[in-house]
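S.K.: Pasting in a structure now, in structure tokens, and then I'll have a few things to ask.
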Amino acid sequence: MLKLSKIPFKYSWYGCIVFGAVSAYASTPALQGQSGYINMPSAWVEADGTVSTGYGYDRPYGSVWVSATVLPFLQMTGRYVSINGIPGFTNVKGQYGSAYGRYKDKVVDAKLRLLSQSDWLPEVSVGATDLLGTELFKGQYIVATKTFGSAKNIEASIGYGNNRPSGAFGGIRWAPLWTPGWALVAEYDANDYKKDFRAAETAAGDRSKGPSVALEYRWGWLGAQVARHRDHFSANAYLSIPFSEREFIPKLYEPAPFDPKKAPARATAAEWQQDGSRGAALAAALVKQDFKNVRVELDSNVLKLTLTNNRISNMGRAIGRAARTALAFAPEGTRAIHITYTKLEQPIATYEFQDLPRLTDYLTGLVKREDFLQTVAVRYATPADRIDDQQGLLAAAREESNGLAVQVGQDGNIVQVVSEDREANRFKTIPKISFFFNDPSGALRYEVAAATNYDRRLGQGTYLNSAFKLNILENVSGVTQKSNSLLPHVRTDVAEYKRGSRLKLNRLLLNQYLTLDERLYARASAGFYEEMYRGVGGQVLYLPKDSRWAADLSVDAVQQRGYKGWFDKLDYKTVTALGSLHYKLPYDITATARAGRFLARDEGVRLEFKRRFQSGVEIGAWYTKTNGKDITNPGTPANPYNDKGVFLSVPLNIMLPMDSQANAGIGLSPWTRDVGQMVASPGDLYDLFEQPRRDLTTYDGLGNFAERRDEQNLPAVNPPVRPMPNMWPLFRYRVEQSFSNTPTLPQWANGTILGGGAILAGALLDKPVDRFMQRHAGSRIARAWDNVGKGMPVLLAGAAAGAVAFGDARAQNMGIISLESIAGAAAVSIATKRIVGRARPSEGLDQWSRTADRSNASFPSNHSTVAFAAVTPFAQEYDAPWLYGLAAASSMGRAAGRQHWVSDVVAGGVLGYAMGSWLWQSQRSNTGSSFAVAPGPKSISMAWSGSY
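In my numbering, the protein residues as written are 19 to 966.
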């Protein structure tokens with residue numbers, strides 16, 4: 019069962035502007051959502067960042083689908099397929115599951131482009147259908163597509179599939195130039211429908227392979243297709259949104275920057291210090307521009323400000339508006355302006371402007387950006403940058419809030435009741451809707467509610483956060499099936515909560531935010547976390563200067579709340595503890611790994627990946643693997659279910675006529691699962707600081723500071739996508755470098771003699787060691803040693819990858835050599851296994867016997883090979899022979915577990931050492947070819963750099 023949640027009702031009167039904004043003809047989704055013809059795929063992948071959604075019906079299948087080009091060469095599609103003619107559970111009225119209706123299945127498809135079209139070569143892609151779950155529509159294919167004609171308005175495809183489609187297929191599309199938007203389509207459908215799931219009970223049993231034709235029309239983001247098959251029609255309608263575009267609506271109603279003419283006459287520094295109203299006037303002018311938590315201080319002719327902005331999405335632009343205002347109010351003799359940007363009063367970034375005339379000239383377009391940058395310092399903020407309200411400026415500037423206001427169409431909401439003051443104390447009520455899919459008692463469940471939030475600042479970094487929810491209409495409480503989960507029911511009893519009170523106190527939290535040191539933040543929380551849990555906990559976040567990564571630790575002691583939703587409680591208690599590592603990859607992808615203890619006391623790892631497009635839209639997915647055995651369908655005791663899901667986050671400023679930090683979020687995930695679950699965070703620090711940190715570390719950190727028209731195409735203002743560069747030239751160079759340093763014949767001879775002697779010496783110990791381990795088989799030490807032997811190669815390979823990701827230039831080069839050594843040595847080891855075919859000790863045969871399964875042969879040990887290949891470059895580069903001892907001790911665990919003879923382990927060690935030594939000698943001085951994740955000034959990317 020799936021949950022589609024966190025969807026506030028959105029409304030915008032300017033939608034007609036959006037749909038008329040795009041007119042280019044693009045790749046067209048087929049009935050299943052992937053780019054193609056009618057049922058057959060083409061090699062095209064939609065433009066990077068394109069998200070399409072639609073509904074297709076082709077008897078007996080109806081598909082609600084969403085497709086996204088998550089990378090320029092990778093298109094992913096999710097489908098919710100219903101099958102006419104087959105009941106999901108039963109057709110007997112009144113029996114459990116009779117309200118579910120038709121059989122439904124969730125399908126995930128993928129298409130990967132291998133080759134882009136050129137003048138002579140076609141576009142080539144491979145694809146797979148129904149990758150996960152029941153695999154009712156599982157298949158694989160390869161397809162090539164080429165466009166023809168001077169206008170490229172004719173395309174043709176040919177491909178071959180396995181299972182679905184089955185055999186050769188093809189398609190053609192013609193878009194006449196005199197009928198813009200219209201196209202004629204024909205294809206040869208190679209699906210063998212008679213082999214589909216329970217085809218004899220549906221119309222699929224009457225279908226066969228053959229040709230189909232279609233007429234389609236596309237207007238902007240909208241498209242539709244009607245197709246004729248041998249004996250029936252099909253239809254497909256869709257919406258495609260190019261989220262790679264920065265915005266869809268011009269900022270027609272964006273407030274103008276502060277007009278210096280509206281500032282009062284300049285005061286002297288002495289007058290400013292004596293009269294608090296001077297600073298209060300500056301604070302009031304900033305508050306009118308949506309700045310919050312404004313603090314002002316004049317310190318030895320340096321005007322200092324700390325502030326935040328809850329509306330302007332780019333930190334650099336917010337700082338630019340604050341700097342304009344500060345310039346207008348600064349007293350005479352001011353020599354510098356320092357502005358610190360905060361979140362919940364925690365300092366993040368400080369901008370120091372040392373030359374105020376140059377600042378004025380830059381804001382008015384008289385000097386270039388590169389000249390202005392010589393007078394600006396942009397850095398991470400420290401606790402010392404915080405300003406207390408010691409001068410009473412805040413008190414002098416304080417005023418009552420604007421009172422409650424009913425707003426229509428604001429922040430994308432249909433309607434909202436809101437009140438907010440200068441300290442970000444906020445009251446807000448909006449409508450919300452949640453959908454729940456795939457429950458046997460009803461395929462679609464919903465909940466319509468009014469959500470009210472009240473946030474109050476109590477002191478420096480101390481906030482009270484509350485949330486009430488009034489259910490207006492819902493049918494989730496109609497779910498009656500009891501969960502068969504063997505885990506504690508941390509989420510599966512959601513229907514019981516929906517059957518509770520209509521009015522609930524979902525959140526009542528006291529949060530204390532702290533800046534412990536530069537780039538080190540903390541949060542302590544206590545109260546009601548969410549509808550289901552209450553407790554106490556905290557989080558610590560570390561942001562290194564290397565902007566590629568960040569790490570945090572969250573610990574929460576929670577108790578399950580009662581179903582009424584007020585102060586009642588249940589007996590279940592637990593402590594969750596999760597350590598998280600966040601890492602930036604090319605294409606603005608963030609990979610997050612969380613490890614620790616989850617809500618149902620299960621332990622494991624959750625992996626998250628999200629791609630951020632230039633518009634700010636984020637698409638992501640997660641997968642959790644824990645030791646929890648979730649047997650709820652489709653999980654079984656032999657193959658338990660692992661939690662997974664996808665999400666989409668859309669910044670509303672791309673669709674609003676003024677800037678906004680509001681987001682619309684959609685999450686699709688199981689809603690009756692207990693495994694791999696997390697408690698709702700009281701306020702995740704990484705999410706809080708991620709965007710300001712991105713703005714700070716992108717190029718010069720100023721972003722759209724001056725809002726000058728002549729700068730809008732600068733990379734620092736509108737950063738381009740940072741793709742993964744072509745690594746083939748550098749890979750080829752390293753290979754050439756290695757082969758140019760191949761050992762000489764005498765060196766080979768010496769190495770062979772020494773290695774062979776070591777292996778023969780190990781062979782003398784084969785039987786004595788195996789007899790000893792056989793007598794102690796099953797002991798705690800033997801089992802532990804065996805586990806260390808299994809896990810150490812993975813740990814060492816991970817350490818090499820970590821050196822590449824986080825190390826300096828020297829460590830990165832060693833990490834690359836180590837990974838190359840692992841790959842090369844493992845390949846030789848696997849080949850040697852098949853040739854030698856030696857039996858393992860556990861098979862009970864003689865040490866020189868041959869095994870029947872050569873793919874699982876004993877000689878040499880892969881684990882030993884990988885361990886020595888991983889450590890050798892580091893041991894030789896950093897003169898650390900103890901690493902050999904670590905590899906040897908762990909590798910002998912394979913002999914302790916009777917999976918290898920001692921000579922197998924020695925042979926693997928010799929092979930790994932030889933490969934690592936050779937590549938280290940060849941590439942140790944490879945300063946001209948190195949790996950870098952941040953090649954430009956404060957940019958975020960991953961690249962190879964080389965000179966040869």
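For glycine and all other residues, C-beta sits at the position ideal for the given N, C-alpha and C.
1. Closer than 8 angstroms by C-beta to Leu783: which residues in its own chain qualify, once you throw out the five before and the five after it? Chain order, please.
2. If we require 4 or more residues per run, which alpha helix (DSSP H) segments fall completely within the region 281 to 334?
3. Assuming the contact rule is C-beta atoms closer than 8 angstroms, Lys361 and Phe707 should be a hit. Round their C-beta distance to whole Å, please.
4. So, with DSSP's three-state summary, where would you put Arg216?
5. Going by DSSP, name the residue or residues bridged to Tyr515.
6. Have a look at Val558, Thr147 and Arg566 and flag the residue whose alpha-carbon is nearest the alpha-carbon of Leu596.
7. Take Gly421 and list the residues in its own chain whose beta-carbon comes closer than 8 angstroms to its own, dropping the five residues that flank it on each side.
8. Please report the straight-line C-alpha distance between Val664 and Arg97, rounded to a whole angstrom.
9. Does Phe445 come out as helix, strand or coil in the three-state DSSP assignment?
10. Can you list, in chain order, the residues of its chain whose CB lies under 7 angstroms from that of Gly103, leaving out five sequence neighbours each side?
11. Label Phe886 either buried or exposed according to how many other C-beta atoms from any shown protein chain fall within 10 Å of its C-beta, with 16 as the threshold for buried.
12. Starting from the Cα of Glu725, find the closest Cα among Phe877, Asn332, Ser53 and Gly106 and give me that residue.
13. Judging by CA-CA distance, which residue of Glu441, Val466 and Ala468 is the nearest neighbour of Leu476?
14. May I ask which residues mark the beginning and end of the alpha helix (DSSP H) holding Asn731?
15. Nearest-angstrom Cα distance between Ile848 and Asn880?
16. Relative to the C-alpha of Asp973, which candidate in Pro878, Val924, Met832 and Val923 has its C-alpha closest?
17. Okay, do the region 355 to 374 and the region 387 to 405 touch, 3+ Cβ pairs below 8 angstroms being the bar?
18. Taking buried to mean at least 16 other C-beta atoms within 10 Å of its own C-beta, is Glu350 buried or exposed?
19. Have a look at Pro365 and Tyr398 and give me their C-alpha separation to the nearest angstrom.
20. What's the C-alpha gap between Leu814 and Ser882?
21. Give me the residue from Trp938, Val787 and Gln830 with the minimum Cα distance to Arg916.
22. Do Leu154 and Ala128 come within 8 angstroms of each other at the CB atom, strictly closer than that value?
23. Kindly give me the distance between the Cβ atoms of Glu729 and Arg387, rounded to whole angstroms, as I take these residues to be in contact under 8 angstroms.
24. Out of Ala544, Arg517 and Glu536, state which residue places its alpha-carbon closest to the alpha-carbon of Leu527.
25. Closer than 6 angstroms by C-beta to Val69: which residues in its own chain qualify, once you throw out the five before and the five after it? Chain order, please.
26. Excluding the five sequence neighbours on either side, which residues of its own chain have a C-beta within less than 6 angstroms of the C-beta of Gln243, listed in chain order?
27. Rank Thr644, Gly638, Arg335 and Ala162 by C-alpha distance to the C-alpha of Val623 and give the top, closest one.
28. Between the C-alpha atoms of Trp584 and Gly614, what's the straight-line distance to the nearest angstrom?
29. Just verifying my parser: in three-state terms, what is the DSSP assignment at Ile190?
30. Our contact map puts Gly179 next to Gly151 with C-beta atoms below 8 angstroms; I'd like the distance itself, whole angstroms only.
31. Put Trp919 into one of helix, strand or coil per three-state DSSP.
32. Taking Pro700 as the reference, which of Ile490, Arg712, Ile834 and Tyr551 has the closest Cα?
33. Taking only three categories from DSSP, how would you classify Met550?
34. Say whether the region 682 to 691 touches the region 272 to 281, bearing in mind that this needs 3 or more beta-carbon pairs closer than 8 angstroms, one atom from each stretch.
35. How far does the alpha helix (DSSP H) with Ser839 in it extend, from its first residue to its last?
36. Would you mind listing the beta strand (DSSP E) stretches within the region 631 to 694 that are 3+ residues and don't spill past its ends, in chain order?
M.R.: For this structure:
1. Sequence-distant Cβ neighbours of Leu783 in its own chain, meaning closer than 8 angstroms and more than five residues away, are Val920 and Ser921.
2. Segments of the alpha helix (DSSP H) lying fully in the region 281 to 334: 287 to 292 and 294 to 305.
3. Rounded, the Cβ-Cβ distance is 6 angstroms, consistent with contact.
4. Coil.
5. Paired residue(s): none; Tyr515 is not in a bridge.
6. Residue Val558 is the option with its Cα nearest to Leu596.
7. Residues of the same chain with a CB within less than 8 angstroms of the CB of Gly421, apart from the 5 flanking positions on each side, are Ser437 in chain order.
8. Rounded to whole angstroms, Val664 to Arg97 spans 13 angstroms at the Cα level.
9. Phe445: strand per DSSP, three-state reduction.
10. Exclusion of the five residues before and after Gly103 leaves Pro78, Glu219, Thr220 and Ala221 as the residues of its chain whose Cβ lies within less than 7 angstroms of its Cβ.
11. Around the beta carbon of Phe886, 16 or more other beta carbons sit within 10 angstroms, so the residue counts as buried.
12. Measuring from the Cα of Glu725, the nearest candidate turns out to be Asn332.
13. For the residues Glu441, Val466 and Ala468, the minimum Cα distance to Leu476 belongs to Glu441.
14. For Asn731, there is no enclosing alpha helix (DSSP H), as DSSP gives it neither H nor E.
15. Distance between the alpha carbons of Ile848 and Asn880: 7 angstroms.
16. Beyond the ends of the chain as shown, which are 19 and 966, falls residue 973; an answer cannot be given.
17. Short answer: they touch.
18. Its Cβ having fewer than 16 others within 10 Å, Glu350 is exposed.
19. Going from the Cα of Pro365 to the Cα of Tyr398 covers about 8 angstroms.
20. Whole-angstrom Cα-Cα distance: 11 angstroms.
21. Among Trp938, Val787 and Gln830, the Cα nearest to that of Arg916 belongs to Val787.
22. In this structure, Ala128 lies away from Leu154, with their beta-carbon atoms at least 8 angstroms apart.
23. Yes, Glu729 and Arg387 are in contact; Cβ-Cβ is about 6 angstroms, under 8 angstroms.
24. Nearest option by C-alpha distance: Ala544.
25. Ala86, Ile259 and Phe261, listed in sequence order.
26. These residues qualify, in order along the chain: Ala232, Glu234 and Asn254.
27. Measuring C-alpha to C-alpha distances from Val623 to each of Thr644, Gly638, Arg335 and Ala162 identifies Thr644 as the nearest.
28. Cα to Cα, the separation comes out at about 30 angstroms.
29. Ile190 falls in the strand class under three-state DSSP.
30. Contact between Gly179 and Gly151 does not hold, since their C-beta atoms are separated by about 20 angstroms, which reaches or exceeds 8 angstroms.
31. In this structure, Trp919 counts as coil in the three-state DSSP scheme.
32. When each option's Cα is compared against that of Pro700, the closest is Tyr551.
33. In the three-state DSSP reduction, Met550 falls in the coil class, being neither helix nor strand.
34. Counting Cβ pairs under 8 angstroms, fewer than three are found: no touch.
35. Here the alpha helix (DSSP H) through Ser839 covers Ala827 to Val854.
36. With a minimum length of 3 residues, the continuous beta strand (DSSP E) runs that stay inside the region 631 to 694 are 636 to 644, 662 to 669 and 681 to 688.
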